[in-house]
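Visitor: Residue numbers (the numbering used here): 19 to 245.
Here is the structure:
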């Protein structure tokens, strides 16, 4: 299988080099630098990754979309999405590749084996709330809708290229669109480390994300009424 590892990154100079080098053990690597003001792009290139650089910060969703478009345009069969902060271990990439053989998308879950140690309480609560709502909306028995470590098949990736969301909500919109198109989505457990975590997910962003999920719930209710 010809696949690529896509790493959306924003000011990740501390971890990006090691993440790229470890990921290159498994496949080609593309880093989408979302307007970083540090050395993220330079270090990623030096480590051996292809790099797309946004001139300004556009949001994680925009970075993922540009990465998916690059992969589709260059004929890759599957796209592994991996955060650039070192939170996820690239050694699990082969397991993801194996799981995608009978699914359209596989999401890694930090909660299948219990809540991850070190995650901020507000992150745990928001994830539990929004994942519960998305589970109801989509029908997928998911436990972690917000994990950035996942794999998408080329057969469905093009469906996600024109979605309007550009922020963190994009990853959840993908799940919703997958359910509307009856795509098969699976989960696999994965450990995560939050030791010394640097997060750009502020309390305001969490509230905005919860508001988005509630609006998504309303969209689904309206859709079902029209059926």
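Quick reminder that beta carbons are idealized off the backbone N, C-alpha and C, glycines included.
Residue 31 to residue 55, Cα distance in whole Å?
Guide: So the two alpha carbons sit approximately 10 Å from each other.
Visitor: Check whether the stretch 186–204 touches the stretch 112–126, taking contact to mean three or more Cβ pairs, one atom from each stretch, closer than 8 Å.
Guide: Yes: the two stretches touch, three or more of their Cβ pairs being nearer than 8 Å.
Visitor: Pull the bridge partners of residue 193 from the DSSP assignment, please.
Guide: Partner(s): none; residue 193 has no beta bridge.
Visitor: The beta strand (DSSP E) that contains residue 55, what's its start and end?
Guide: That residue, residue 55, is in no beta strand (DSSP E); it is neither H nor E in DSSP.
Visitor: Taking only beta-carbon positions, decide if residue 242 is within less than 8 Å of chain C.
Guide: Judged by its chain identifiers, the structure shown contains no chain C, having just a single protein chain.
Visitor: By how many angstroms is the C-alpha of residue 52 removed from the C-alpha of residue 172?
Guide: Whole-angstrom Cα-Cα distance: 23 Å.
Visitor: Considering residue 26, what are the terminal residues of the beta strand (DSSP E) in which it resides?
Guide: First-last of the beta strand (DSSP E) with residue 26: 21–27.
Visitor: Near residue 69, what residues of its chain come up, given a Cβ to Cβ distance below 7 Å and the 5 sequence neighbours on each side ignored?
Guide: Cβ within range, chain order: 49, 51, 59, 62, 63.
Visitor: If residue 188 sits next to residue 85, beta carbons under 8 Å apart, how far is it from one beta carbon to the other, in whole angstroms?
Guide: In fact, because the Cβ distance is near 12 Å, the residues do not count as touching under 8 Å.
Visitor: Identify the continuous beta strand (DSSP E) that holds residue 176 and give its terminal residues.
Guide: Note, residue 176: premise wrong, no beta strand (DSSP E); not H, not E.
Visitor: Taking the alpha-carbon positions, what's the residue 21 to residue 95 distance?
Guide: Cα to Cα, residue 21 sits roughly 5 Å from residue 95.
Visitor: Per the DSSP calculation, residue 123 is bridged to which residue(s)?
Guide: Answer is 170, 203, bridged to residue 123.
Visitor: Given residue 109, which residues of its chain have a CB within under 8 Å of its CB, disregarding the five upstream and five downstream residues?
Guide: Around residue 109: 40.
Visitor: Ignore the nearest five residues each way along the sequence and tell me which others in residue 226's own chain have a CB closer than 7 Å to its CB.
Guide: Closer than 7 Å at the Cβ level, and outside the excluded window around residue 226, lies no residue.
Visitor: Would you call residue 26 buried or exposed, if buried means 16 or more other Cβ atoms sit within 10 Å of its Cβ?
Guide: Classification for residue 26: buried.
Visitor: How would you label residue 99, buried or exposed, when you count the other beta carbons within 10 angstroms and need 16 or more for buried?
Guide: Classification for residue 99: buried.
Visitor: Taking 6 Å as the limit between beta carbons, can you name the residues of its chain near residue 145, skipping five residues before and five after?
Guide: So the list reads 164, once near-sequence residues are dropped.
Visitor: Taking the runs of the alpha helix (DSSP H) that are 4 residues or longer, which of them lie wholly in the stretch 64–123?
Guide: 78–91, 111–117, all fully within the stretch 64–123.
Visitor: Between the C-alpha atoms of residue 104 and residue 37, what's the straight-line distance to the nearest angstrom?
Guide: Each residue's Cα considered, the two are about 6 Å apart.
Visitor: Might you give, ordered along the chain, the residues of its own chain that have their beta carbon closer than 8 Å to the beta carbon of residue 66, omitting 5 neighbours on each side?
Guide: These residues qualify, in order along the chain: 38, 39, 42, 47.
Visitor: Can you tell me which residues form a DSSP beta bridge with residue 48?
Guide: Answer is 24, 68.
Visitor: Which residue comes first and which comes last in the alpha helix (DSSP H) that contains residue 43?
Guide: Per DSSP, residue 43 belongs to no alpha helix (DSSP H) and is neither H nor E.
Visitor: Which residue marks the beginning of the alpha helix (DSSP H) containing residue 142, and which one marks its end?
Guide: Unbroken alpha helix (DSSP H) run through residue 142: 139–156.
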